[in-house]
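Participant: Input: one structure, supplied below.
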Amino acid sequence: MVFETRYEAALKLIPHLEKYAHDHGVILAVPRGGVPMGYEIARHFHMPLELLMTKKIGHPLDREVAIGAVGLEDHRIDVARDVPLKYIEKQVKQIRKSLKERYRKFVGNHLSIDLQNKTVIIIDDGIATGNTILGSIKMIYRQRPEKIVVAVPVAPVETVAKMKKYVDDLICLYVAENFRGVGLYYADFSEVSDEEVISLLRRASTLAL
337 MVFETRYEAA
347 LKLIPHLEKY
357 AHDHGVILAV
367 PRGGVPMGYE
377 IARHFHMPLE
387 LLMTKKIGHP
397 LDREVAIGAV
407 GLEDHRIDVA
417 RDVPLKYIEK
427 QVKQIRKSLK
437 ERYRKFVGNH
447 LSIDLQNKTV
457 IIIDDGIATG
467 NTILGSIKMI
477 YRQRPEKIVV
487 AVPVAPVETV
497 AKMKKYVDDL
507 ICLYVAENFR
517 GVGLYYADFS
527 EVSDEEVISL
537 LRRASTLAL
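Taking our numbering, I'd label the letters of the sequence shown as residues 337 to 545.
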């Protein structure tokens, strides 16, 4: 399966999310690629659009291996028995500073939405390993949402199987057996600019009023 654009992929996800249309929901979009999709879905359901700002902590010997994740206000360490505490503390501080700078660039002084008792719908244009989103999900649970839903156009078989254990619902339009990278499942996978993210978030700020 190949999607023409992120917009088309968002439209194809919407029917699968109709069951949450009357929930007290929040769309959490992964920047930058998930934001155009999140905007279309938030617009359809008249739900607020928020950014999911997280980044993995890489192992000091192999930065591609995730040992945890950092959010704007929280962090979680999953595998760190052989990692010095000073390294973790330094990474958390540096990553959080970077995330907060990006968040302010995108939304200004807007306060993040309280997720307690909400149906949280996480949107991205695709998932590869899923490690960063998994770290995010584990942190979101600490905010006591009603449900956590992940909705994406494409992800590998093994990632879908892994993530299903941690969410209330996982919607994936195409579960790829021989996953080749998210961009290869789109005819147009143009980069989403910071300016587009800012514009969409400003437009979305009136959707749920």
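Glycine included, each C-beta is placed from N, C-alpha and C at the ideal position.
Can the beta-carbon of I327 be found closer than 8 Å to that of A491?
Facilitator: Outside the shown range of the chain (337 to 545) lies residue 327, about which nothing can therefore be said.
Participant: Exposed or buried, which one is T546 when buried takes at least 16 other CB atoms within 10 Å?
Facilitator: Summary: the structure shown does not reach residue 546, with the chain confined to residues 337 through 545, and so no result is reported for it.
Participant: For the alpha helix (DSSP H) that contains I476, what are its first and last residues?
Facilitator: First-last of the alpha helix (DSSP H) with I476: 467-476.
Participant: Per DSSP, what kind of secondary structure is P420 in: helix, strand or coil?
Facilitator: Correct three-state label for P420: coil.
Participant: Which of the three DSSP states, helix, strand or coil, is assigned to F331?
Facilitator: No statement about residue 331 is possible, as the shown extent of the chain runs from 337 to 545 and does not include it.
Participant: Would DSSP call P396 helix, strand or coil?
Facilitator: Residue state, collapsed to three classes: coil.
Participant: How big is the Cα-Cα spacing for Y343 and D524?
Facilitator: Each residue's alpha carbon lies about 10 Å from the other.
Participant: Let's test the definition: count the other Cβ atoms within 10 Å of the Cβ of Q382 and tell me whether it reaches 16, buried, or not, exposed.
Facilitator: The residue asked about is misnamed: residue 382 is His in this sequence, not Gln. Per the 10 Å Cβ criterion, exposed.
Participant: Are the CB atoms of M475 and R412 nearer to each other than 8 Å?
Facilitator: Yes. Within cutoff.
Participant: State the DSSP-derived secondary structure class of E386, mapped to helix, strand or coil.
Facilitator: Here E386 sits in strand by DSSP.
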